[in-house]
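See below for the structure under consideration.
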Amino acid sequence: MFHSEKIPIRRLVEFILRQGSIDSRRTSNHTAQEGARIHRKLQKEAGKGYQKEVKIAKEVVLNDKPYFVEGRMDGLFTNEQEQLVIDEIKTSESAFEDIYDEQLAMYWHQIKCYGAIYSEQEELEEITLQLTYFQTTTEEVTKTQKVFSRIELKQFLDELLEEYEKWLIFSENWRTVRNQSLKELPFPYGEYRKGQRELAVSVYKTILSEQRLFVEAPTGTGKTISTLFPSLKAIGEGKAEKIFYLTAKTITRQVAEDAVQAMNQKEMKIKSLTITAKDKICFLTERNCTPEHCPFAAGYYDRLNEGLWDILHHENQFSREVIEKYAQKHQLCPYELSLDVSLWCDLIICDYNYVFDPTVYLRRFFDEGVKKDYLFLIDEAHNLVSRSREMYSAELSKGQLLMMKKLLKKKSAPLTRAVNKVVDEFDRLDELCISEEKEFISQPAYLDGMEKKVFRLTEKIGEWLPQNQELPELNQLLEIYFALLNYLKIGEFYDDHYCTYIQKKNRGLSVKLFCLDPSYLLAQKLSMANASILFSASFTPLSYYKDILGGEEESLTYRIPNPFPEENQRLLIARYVQTTYREREKSLDYLVESLTTMINQKMGNYLFFFPSYAYLDMVYEAFKKANPQVKTLIQQTEMNEKERELFLAQFVSEPQETLIGFCVLGGVFSEGIDLKGDRLIGTAVISVGLPQINEEQELIKNYFDEQGLGFQYAYQIPGMNKVLQAAGRVIRDAEDHGVVLLLDQRFASPAYQRLVPPHWYRAQILPTVHHLEKNIQAFWKEIDSK
C-alpha cells in the first residue's frame with residue numbers, strides 16, 4: 001500500500017483497525033485550516049511547559065526491509081503528578097457524547113501508537129494518554145485520560161504491524177511482478193500508426209522532465225494507447241507509481257479499458273480500476289448511504305479487509321462488473337469498495353471530478369496537497385474548461401432555504417432561527433434587485449454577511465444531525481446541507497478570479513460564486529503529479545488551452561499532423577450563406593438548397609449540426625417540405641442511453657437509402673461517437689457555434705477583455721471547438737471518406753481562419769450553390785474511381 005520507507009501512523013491505524021458502517025450523515029463542515037487554528041489555540045492555552053507538534057518515529061523491519069513508523073503528537077506535557085502526558089486534539093461539530101464508538105476507538109488507537117513509540121524510546125514503564133476533544137459549535141472542551149503500561153502498548157503496536165506486514169509483502173511482490181512485465185511490454189499493435197510514435201515519445205520525454213504537455217492529436221491518431229503505453233513504461237522504470245486516466249465521458253473510459261486489454265494480451269501485469277459514479281453503481285433502487293437503510297453500508301469496515309484480500313488476489317482489472325461481483329459476495333458497498341481498491345491500483349480510469357472537484361476529489365491520494373509519483377493523462381481535455389468552471393463555482397437559492405424550513409417544521413427552534421437568518425440575507429438581496437430594477441446583479445466582492453449566516457447554519461445542522469437520524473425527511477435535508485457546505489467550500493477559493501452574482505428568475509432568487517478563470521486552481525491540482533498530459537482532437541489554439549487549463553510558461557505544446565490522406569476528406573466553406581440570428585429567415589432557402597445539394601451527390605448517411613434546437617426545428621421543417629422522401633432523425637432534448645444507441649444504430653453500413661440526423665452542436669452526437677466507414681459520409685455544420693449570449697458568458701468576456709481576449713475566450717473559441725468536434729465525426733480511420741460542409745460566411749474570415757488546425761487550411765471557399773454541387777460531384781467521382 002505504501003511504497004516509501006515511511007508508514008504514517010494515522011493511515012496505518014485507519015487501514016488495519018477501522019470498524020463500523022458507512023454513514024452519509026457523518027460529515028464535518030470545518031476546514032483543515034479551521035482545525036489547525038483550533039489546535040494552535042488549545043496548544044497556546046495549555047501553557048509554557050506544553051511541547052506542541054512533537055515528531056515521533058520508530059524504525060521497524062517488515063518484509064526484511066527497514067521502515068519508519070512515524071507521526072506527529074499534538075502535545076506533550078508533564079502533569080501535576082510529574083507524569084508525562086501525550087495529548088491528541090480532535091475537533092468536530094458533534095457533542096462528545098454523540099461521537100460514534102468506532103470513531104472514538106480510532107482516536108485512541110492513534111494515541112496508543114504514539115504512546116508505544118514514546119514510552120519505548122524514553123524507557124517509561126507507563127504513560128498517560130490524553131484525548132482533547134473540541135466541539136466547534138459550543139467551543140466545549142472535553143479531556144479524557146487513560147494510563148497504559150509500556151508492555152501493553154508495545155504488544156498493541158507489534159500486533160498492528162504484524163497484520164500490516166502481510167499487506168506490505170503482497171504490495172512489494174506485486175510491484176516487482178508489475179515492473180518486470182512493464183519493462184518487457186512491447187507496443188501492443190505491432191506497428192505504430194502515423195503520428196503515434198511521435199506522440200508516445202513526446203509523452204515519455206514529458207514524464208522524464210516532469211512537465212505538462214498540451215497535445216492536439218487529430219481523431220484517429222490513437223491518443224489513448226499513445227499516452228498510456230509510454231506512461232506504463234515509465235512506471236516500469238520507476239519514474240512514477242500511479243496513473244490517473246481522466247475522462248469526461250463513459251465512452252472514452254471504455255476506450256482506455258480496451259487499451260489495457262490489448263496490453264494484457266502482451267503479458268502486461270498491472271492492476272487497473274474504472275471508477276463508476278456512486279448513483280450508477282449503487283445496488284439500491286434509491287441511494288441511501290446509512291446503515292439502517294443499506295445492508296452494504298452497515299458494518300462495511302468490519303468486512304472490508306477480507307473482501308479486499310479476496311479481490312486483490314484473484315483479479316487485476318477492476319471493471320464495474322468485477323467490483324459488483326465481489327461487493328455482492330462480501331456484502332460491501334460497490335462504490336466504496338472501488339475507492340478502497342484504488343489504493344492498490346497502478347492505473348485508475350475515472351471522471352475529471354475525482355482529481356479536480358474540490359468536494360468529491362479522492363482525498364486518499366490528494367489530501368496532503370503535495371507532489372506525488374503520479375501521472376495525469378487527461379483525455380478530451382477541451383471539456384475541462386467548462387467542467388472546471390462548474391466545479392469551482394457554487395450556487396444557493398432562496399428556494400432551498402425555504403424548503404429546509406418547511407422540512408424542519410417545528411422540530412428545532414434554534415435551527416429554524418438559523419435558517420431564517422440566511423433567508424433574511426436573501427430578502428436583502430431581493431430588495432437590492434428591486435431598488436436597482438435589475439434581475440441580474442454582479443459584483444467582484446464576496447458576500448461576507450451571507451457566508452457568516454450560512455456558516456452558522458451549517459454548524460447548527462452539524463450539531464443537530466446526530467440526534468435526528470430517523471427523520472423521514474433526512475435525505476432531502478442532507479441534500480440542502482451539502483449544497484450549503486459546497487457554498488462555503490468554494491468561498492475558500494474566492495479571489496479576483498471570481499465574481500458573485502444575484503439572479504432573479506422564475507420568481508426565484510439565487511446567489512452564485514462564479515469562477516471566471518479556473519486556470520490557477522487547475523494548476524494547483526496538476527502540481528500534485530510528476531507530469532500531466534492534456535490531449536484532445538480539438539485543441540486549437542493551443543495557446544488558449546495552455547493558458548486556461550493551468551499551463552505554466554515552461555509547459556510544452558505539441559501538435560500531431562493529421563494522420564490520414566488529405567484527399568479522403570473534402571472540406572468546404574459555403575461563403576454565400578449567412579446564419580447570424582438576424583439573417584436566418586432570409587438565408588433559409590439557400591441553406592436548404594445547399595443541404596439538399598450535398599446529399600444529392602451521393603446516397604448515404606449524413607449528420608447536420610445546428611447551434612440551437614430552435615434553429616434546428618426551423619431548418620428541419622423547411623428541409624422536409626423540400627425533401628419529403630428523405631429519411632430523417634432528430635436529436636431530442638432529453639435522450640437516455642438506450643435512445644441514443646437506437647439513434648446511432650440506424651446509421652448502418654452499406655445503406656440502401658439516404659439517412660440524415662439533425663443534431664445540435666455540443667450535444668451527445670457531436671463528440672465521442674464513432675461511425676466508421678460508410679456509416680457516415682458527410683457532415684454539415686450550420687453556423688460558427690457561438691454560445692448563446694447570456695449573463696455568464698458576458699461576465700467571462702468582460703473578465704478577459706482586460707487582456708483583449710474577451711470575445712475570443714467567451715464566444716469564438718468555445719464555438720469553434722464544437723464545430724471542430726462535429727466535423728471530426730466524418731474521418732475516423734485511414735479507410736474513411738467524406739465531406740465536411742461549413743455553412744456560414746464567417747468561416748472564411750481571418751478571425752475564424754486563425755482558430756482552425758493546420759489540416760483545415762486546405763478548405764475550399766465556395767461562392768455559390770452551383771460551385772458546391774460541382775465540387776462535391778468531383779470529390780465522389782475521384783473516390784469512386786479509386
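Residue numbers 1 to 786, in the UniProt record's numbering, belong to the letters of the sequence shown in order. For glycine and all other residues, C-beta sits at the position ideal for the given N, C-alpha and C.
Starting from the C-beta of L17, find all residues in its chain whose C-beta is less than 8 Å away, skip the five residues before and the five after it, and write them out in chain order.
Around L17: A105, M106, H109 and L160.
By Cβ distance below 7 Å, which residues in the same chain neighbour F711 in space, the five residues on each side in sequence not counted?
If we look at F711 and ignore the five residues flanking it on each side, its Cβ neighbours are K701.
Roughly how many angstroms lie between the CA atoms of Q635 and M618, to the nearest whole one?
So the two alpha carbons sit approximately 14 Å from each other.
Does T540 pass the burial test, meaning 16 or more other C-beta atoms within 10 Å, or should it be called exposed?
When all chains shown are included, T540 counts as buried.
Can you look up A574 in the DSSP assignment and give me helix, strand or coil?
Three-state DSSP puts A574 in a strand.
For S181, collect the residues of the same chain with a Cβ closer than 8 Å to its Cβ; drop the 5 residues on either side in sequence, then sort them by chain order.
Cβ neighbours of S181 beyond the five flanking positions: G236, E267, M268, K269 and I270.
Taking C-beta to C-beta, are L549 and V756 nearer than 8 Å?
Against a cut-off of 8 Å, the Cβ pair of V756 and L549 comes out as no contact.
Whole angstroms are fine: how far does the CA of S519 sit from the CA of E436?
Cα to Cα, the separation comes out at about 33 Å.
By the three-class DSSP mapping on this structure, what secondary structure does I502 have?
Strand.
Give every residue of the same chain whose Cβ lies closer than 7 Å to the Cβ of K154, excluding the five residues on either side of it in the sequence, and list them in chain order.
A116 and E120.
In chain order, what residues of the same chain lie with their CB nearer than 6 Å to the CB of H330, ignoring the 5 residues before and after it?
Here the set comprises R303 and G307.
Which parts of the segment 582-636 are runs of the alpha helix (DSSP H), unbroken and 4 residues or longer, counting only runs that do not cross its ends?
The qualifying runs are 584-600 and 613-626.
Specify the secondary structure class of E395 as computed by DSSP and reduced to three states.
The answer is strand: DSSP assigns E395 an E or B state.
Determine which residues share a DSSP beta bridge with V215 and list them.
DSSP output for V215 lists F535 and Y558 as bridge partner(s).
With distance defined between alpha-carbon atoms, name the residue in I281, V592, N600 and Y301 nearest to K625.
Of the listed residues, the one whose Cα sits closest to K625 is V592.
How many Å lie between L62 and E210 at the Cα?
Computed Cα separation, rounded: 32 Å.
In this structure, does DSSP put Y164 in helix, strand or coil?
Helix, per DSSP.
Grab the span of the alpha helix (DSSP H) containing R364 for me, first residue to last.
R363 to F366 is the span of the alpha helix (DSSP H), which, as asked, contains R364.
List the endpoints of the continuous beta strand (DSSP E) containing G738.
G738 -> beta strand (DSSP E) spans G738 to L743.
Any chance you could list the beta strand (DSSP E) runs of at least 3 consecutive residues sitting entirely within the segment 151-204, in chain order?
Listed in chain order, there is nothing to give.
Starting from F15, trace the alpha helix (DSSP H) both ways and give me its first and last residue.
From DSSP, the alpha helix (DSSP H) with F15 extends over I9 to L17.
Near Y164, which residues of its chain fall below 8 Å by C-beta distance, leaving aside the five closest residues on each side in sequence?
Excluding residues within five positions, the ones whose Cβ falls inside 8 Å are I7, L12, F15, I16 and L62.
Give me the Cβ distance between R72 and V54, rounded to the nearest whole Å; I'm assuming they're in contact under 8 Å.
With 8 Å as the limit, R72 and V54 qualify as a contact, their Cβ atoms being about 7 Å apart.
Look up D87 in the DSSP assignment and say whether it is helix, strand or coil.
In this structure, D87 counts as strand in the three-state DSSP scheme.
Count the other CB atoms within 10 Å of the CB of Y703; is the residue buried (16 or more) or exposed (fewer)?
When all chains shown are included, Y703 counts as buried.
Could you spell out the range, first to last residue, of the beta strand (DSSP E) harbouring T144?
It spans E140 to S149 - the beta strand (DSSP E) in which T144 sits, taken as one unbroken run.
Can you say whether P611 is buried or exposed, counting buried as having 16 or more other CB atoms within 10 angstroms of its CB?
Under this definition P611 is a buried residue.
How do the segment 669-684 and the segment 475-482 stand: do at least 3 beta-carbon pairs fall below 8 Å, yes or no?
No, the segment 669-684 is not in contact with the segment 475-482.
Where does C433 sit, in a helix, a strand or coil, going by DSSP?
DSSP places C433 in helix when its eight states are reduced to three.
Classify M603 as buried or exposed, calling it buried when 16 or more other Cβ atoms lie within 10 Å of its own Cβ.
Classification for M603: exposed.
Closer than 6 Å by C-beta to W780: which residues in its own chain qualify, once you throw out the five before and the five after it? Chain order, please.
For W780, where only same-chain residues beyond five positions count, the Cβ hits under 6 Å are Q601 and K602.
Output the boundary residues of the alpha helix (DSSP H) element that contains Y67.
Per DSSP, Y67 belongs to no alpha helix (DSSP H); it is in the beta strand (DSSP E), K65 to T78.
Can you tell me whether S762 is buried or exposed? The criterion is at least 16 other CB atoms within 10 Å of its CB, across all chains shown.
The sequence given here has Arg at residue 762, not Ser. With fewer than 16 other Cβ atoms within 10 Å, it is exposed.
Considering only the alpha carbon of each residue, which of F134, D87 and E122 lies closest to G35?
Residue F134 is the option with its Cα nearest to G35.
Under DSSP, the alpha helix (DSSP H) around V322 begins and ends at which residues?
Segment R320 to K329, the alpha helix (DSSP H) holding V322.
When you compare each of V739, F68, R732 and W760 to M720 by their alpha carbons, which one comes out closest?
If we check each option's Cα against that of M720, W760 comes out closest.
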